[in-house]
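Below is one structure, written out as structure tokens; the observations come after it.
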Amino acid sequence: MGRFLTLDEVDVAGKTVLLRSDFNVPVADGLVGDDFRIQAGLPTVARLQEAGARVVVCSHLGRPKDREPELRLDPVAARLGELGGFPVRKLDAVVGPEVTASVAAARAGEVVLLENTRFEPGETENDPELARGLADLADLFVLDAFGSAHRAHASTVGVAERVRSAAGPLLLAEVEALGRLLVNPPHPFAVVLGGAKVSDKLGVIRSLLPRVDIMLVGGGMCFTLLAAEGYEVGKSLLEEDMLGEVNEVLTSQWGDRIELPDDLVVADRFASDAEPRVVPRNAIPDEAIGLDIGPKSAAHFAAVIAGCAAVFWNGPMGVFEWEQFRSGTRTVAQALEGHPGFTVVGGGDSVAALQMLGLERAVSHLSTGGGAGLELLEGKELPGLVALERWADGA
Ligand code: ADP
Ligand code: MG
275 MGRFLTLDEV
285 DVAGKTVLLR
295 SDFNVPVADG
305 LVGDDFRIQA
315 GLPTVARLQE
325 AGARVVVCSH
335 LGRPKDREPE
345 LRLDPVAARL
355 GELGGFPVRK
365 LDAVVGPEVT
375 ASVAAARAGE
385 VVLLENTRFE
395 PGETENDPEL
405 ARGLADLADL
415 FVLDAFGSAH
425 RAHASTVGVA
435 ERVRSAAGPL
445 LLAEVEALGR
455 LLVNPPHPFA
465 VVLGGAKVSD
475 KLGVIRSLLP
485 RVDIMLVGGG
495 MCFTLLAAEG
505 YEVGKSLLEE
515 DMLGEVNEVL
525 TSQWGDRIEL
535 PDDLVVADRF
545 ASDAEPRVVP
555 RNAIPDEAIG
565 LDIGPKSAAH
575 FAAVIAGCAA
585 VFWNGPMGVF
595 EWEQFRSGTR
605 TVAQALEGHP
615 GFTVVGGGDS
625 VAALQMLGLE
635 RAVSHLSTGG
645 GAGLELLEGK
655 ELPGLVALER
665 WADGA
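Start counting the sequence shown at 275; every next residue gets the next number (our numbering).
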């Protein structure tokens, strides 16, 4: 009696399955850059294909305004076929008579990839006609694009309202891992937050703070918290309009679970070749910009992580893109290597940081769904998940 219909409960042999994947990957000069999302979604494609379905895959790519050729899915088709070791037939439209005919002519076990769903203006408006067109292609819809589950679009919610729909294994893994953090995390449970802006993460802070034992905050966002605590932060990233709300959180009944860095790495300009300097948090010079947590704080964060049974990390500890300011992020990432507990990392840049450090396999769960993951942890209902629920228990 699950919340969703799953692939374990359906026989897809000879059926046409529309699979919504998240293949929104970086593409440059006609080639896929980082293919993490294709790798993550590939097992679902392969499973359906091996089970003898006609697999019709769809995804969005970027934010097209006008069917820009560089946002076509051809490079994705090429990489998917390369990684999967099976041919992928790329169509040049999302819906329409030619798509219908091509899908009808597909053989069992064949993989077809539709064009960028956002080439259809109706996609982001959840246009009923587009949703109907997509639903009519298939006997079964599988939503595997967790990263798009927070959007009520035609290829996520609209289709799922119109044809029998199952949750894909990747989406299920995301919902289970993140859900466990919310509902029944092992304790002690530490949350480590960083990244650029506290305004992006305040919802997650509010939702998780009552559930954690400790919340460690670094990254650009720690300066707004330090400022709220009365520290001078120089020219560091500061969201002044957030000070009121941040103060509310810090003085709430759970406020003392938040730990801020004791020392910071600062520089006199925001540049990759700026001279790094370590300062205690009560001595950030007026002209200095904080670009990483300091070594003492990083070591402390790592020790806290080592002593916890569950860890959720979102947001790099500093400007990890620049070698000079990567140490804090590296130290925290290394604390996850060989960690025996339940460890989850989410967020586009956080995942990129782990990959850059070669530590992407160090965690229990690497979340591909940036915004969707954060919304789920905020306790929000994701429209894509709600749309799937009606098909639970074999409906
Ligand atoms: P995620 O994508 O993992 O959720 P964010 O998008 O919130 O993370 O933040 C990532 C960005 O935050 C990175 O580009 C990084 O350079 C930036 N960042 C981290 N620390 C600082 C800092 N001290 N000042 C400015 N930017 C920072
Ligand atoms: Mg980001």
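Think of the CB as a built atom: it goes at the ideal place given N, C-alpha and C, for glycine as much as any other residue. Quick caveat: nothing in here was measured; it's all calculated off a predicted structure.
Practice problem: Could you check what DSSP says for residue 320 in three-state terms: helix, strand or coil? | Solution: The sequence position of residue 320 within the sequence shown is 46, counting from 1. Helix at residue 320.
Practice problem: Going by CA-CA distance only, name the one from 395, 287, 495 and 432 that's closest to residue 660. | Solution: Locating residue 660 in the sequence shown gives position 386, counting from the first residue. Closest by alpha carbon: 432.
Quiz item: If we count Cβ pairs, one from each stretch, closer than 8 Å, do we get three or more for the stretch 575-584 versus the stretch 536-555?
Solution: no
Quiz item: Which value, in whole angstroms, describes the spacing of the CA atoms of residue 488 and residue 377?
Solution: Here the question's residue 488 lines up with position 214 in the sequence shown. Here the question's residue 377 lines up with position 103 in the sequence shown. Answer to the nearest angstrom: the Cα atoms are 52 Å apart.
Quiz item: Residues bridged to residue 665 by DSSP?
Solution: Looking up residue 665 in the sequence shown gives position 391. The partner list for residue 665 (beta bridge, DSSP) is empty, contrary to what the question assumes.
Quiz item: Near residue 391, which residues of its chain fall below 6 Å by C-beta distance, leaving aside the five closest residues on each side in sequence?
Solution: Residue numbering aside, residue 391 sits at position 117 when the sequence shown is read from its first letter. Within the same chain, residue 391 has close Cβ partners 332, 334, 368, 397 and 429.
Quiz item: Comparing the CB of residue 481 with every heavy atom of the ligand ADP, is any distance shorter than 7 Å?
Solution: Translated into positions along the sequence shown, residue 481 becomes position 207. Outside the cutoff, so no.
Exercise. Identify, in the order they occur along the chain, each residue of the same chain with its Cβ nearer than 7 Å to the Cβ of residue 313, setting aside the five sequence neighbours on each side.
Key: Position 39 of the sequence shown, counted from the first residue, corresponds to residue 313. If we look at residue 313 and ignore the five residues flanking it on each side, its Cβ neighbours are 357.
Self-check item: Residues bridged to residue 574 [DSSP beta-bridge criterion]
Solution: Start at 1 with the first residue of the sequence shown, and residue 574 comes out as number 300. According to DSSP, which records beta bridges pairwise, residue 574 is partnered with nothing at all.
Quiz item: Are the stretch 562-574 and the stretch 617-636 in contact at 8 Å, needing three or more beta carbon pairs?
Solution: no
Quiz item: Can we say the stretch 460-472 touches the stretch 299-311, given the rule of at least three CB pairs closer than 8 Å?
Solution: no
Quiz prompt | residue 524 versus residue 513 - alpha carbon distance | solution = Within the sequence shown, residue 524 is the residue found at index 250, counting from 1. Within the sequence shown, residue 513 is the residue found at index 239, counting from 1. Cα to Cα, residue 524 sits roughly 15 Å from residue 513.
Quiz item: Considering only residues of the same chain and omitting the five flanking positions on each side of residue 400, which have a CB-CB separation below 7 Å?
Solution: Here the question's residue 400 lines up with position 126 in the sequence shown. Here the set comprises 426, 427, 428, 431 and 432.
Exercise. Give the DSSP bridge partners of residue 533, in chain order.
Key: Numbered from 1 along the sequence shown, position 259 holds the residue referred to as residue 533. BP columns for residue 533 point to 490.
Quiz prompt | Exposure label - residue 461; buried when at least 16 CB within 10 Å | solution = Within the sequence shown, the letter at position 187 stands for residue 461. Exposed, because fewer than 16 other Cβ atoms sit within 10 Å of the Cβ of residue 461.
Quiz item: residue 362 and residue 388: beta carbons closer than 8 Å?
Solution: Residue mapping note: residue 362 aligns to position 88 of the sequence shown, counting from 1. Residue mapping note: residue 388 aligns to position 114 of the sequence shown, counting from 1. Contact: no.
Quiz item: Where residue 485 and residue 451 are concerned, what is the direct C-alpha to C-alpha distance, given to the nearest angstrom?
Solution: To locate residue 485, count along the sequence shown from 1; it is residue 211. To locate residue 451, count along the sequence shown from 1; it is residue 177. Straight-line Cα distance between these residues: approximately 15 Å.
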